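Numbering follows full-length UniProt numbering, with no gaps: position 173 of the sequence shown is 173.
Take a look at the structure set out below.
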Amino acid sequence: MTPPKPPKTGPHHAPHWKTDFSVDWDATDYVSRREFTRFLGLSSAGMAVGTVLIAGLASVGAQPVPEVPPLRLGKVEDFLPGSSSAFEYPQKGQYSLLVRHEDGTFSSYGQKCPHLGCAVYYEPREKVLECPCHEGYFNARTGDVISGPPQRGLSLVKLEIRDGEIWAVGGGGH
């Protein structure tokens, strides 16, 4: 058996890694920093202009939000203090939640959690609105986030009391 030959080195022999990674460096095209920066600037400008154009075109075809007629929810005395009731508002298939607080006042919010759209319910012992999906908690009087993953509060449903009856008169969009 013959002993291994030492690696050839010197000005006429390429290192071992260059022969294994056989890229002809003389044949590749280099991009200068100036060319690369110009490419990035033009690409960014093109994306900005495209975004503005898309937003403009989207707003041209936007439909006005239809006004929702008031909805009679019932007589004030039908809702016991500390109770809640779900009702279909502002549109068919969208639900909102009416809460009568212990002091007799009312508040109402869209029942869809802004985090992932789960149905929110009233927890009377804690006096909060709760999303059971990811333990999001909302203030039952204001709809603001107390804790959990939701980043914004619940959508407010405007209420009016007319001749002893409670009415949903706007808001609640999901």
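Glycine residues also receive a C-beta, built at the ideal position from the N, C-alpha and C atoms.
None of these values were measured; they are calculated from a predicted model.
Identify, in the order they occur along the chain, each residue of the same chain with its Cβ nearer than 7 Å to the Cβ of residue i, setting aside the five sequence neighbours on each side.
i	result
I146	V128, Y137, F138, N139
C118	C131, P132, C133
If you count every other CB in all the chains shown that lies within 10 Å of the CB of residue i, and 16 or more means buried, which is it?
i	result
K92	exposed
G46	exposed
Q111	buried
Y30	exposed
S32	exposed
S59	exposed
For residue i and residue j, what's the separation of their Cα atoms in angstroms?
i	j	result
G56	P132	39 Å
F36	S44	12 Å
P98	P149	Sequence check: residue 98 is Leu here, not Pro. Looking at the two C-alpha atoms, the distance is approximately 23 Å.
Y122	E67	27 Å
D144	S155	9 Å
G41	A48	11 Å
Y95	L53	36 Å
V76	G164	6 Å
R125	D78	20 Å
Could you check if residue i belongs to the surroundings of the ligand MN, using beta carbon to heavy atom distance under 6 Å?
i	result
L97	In the structure on display, the ligand MN does not appear, and there are no ligands present to speak of.
Assuming residue i and residue j are in contact, meaning their beta carbons sit under 8 Å apart, how far apart are those beta carbons, in whole angstroms?
i	j	result
P70	V169	5 Å
I161	L73	Actually they do not touch by this definition, with Cβ atoms about 10 Å apart.
S108	L159	5 Å
R152	P114	5 Å
Within the same chain, show all residues whose beta-carbon is closer than 6 Å to that of residue i, passing over the 5 residues directly before and after it, in chain order.
i	result
S83	R100
For residue i, which three-state DSSP category applies?
i	result
V68	coil
E126	coil
L154	coil
E102	coil
R162	strand
Considering only residues of the same chain and omitting the five flanking positions on each side of residue i, which have a CB-CB separation below 8 Å?
i	result
G104	P81
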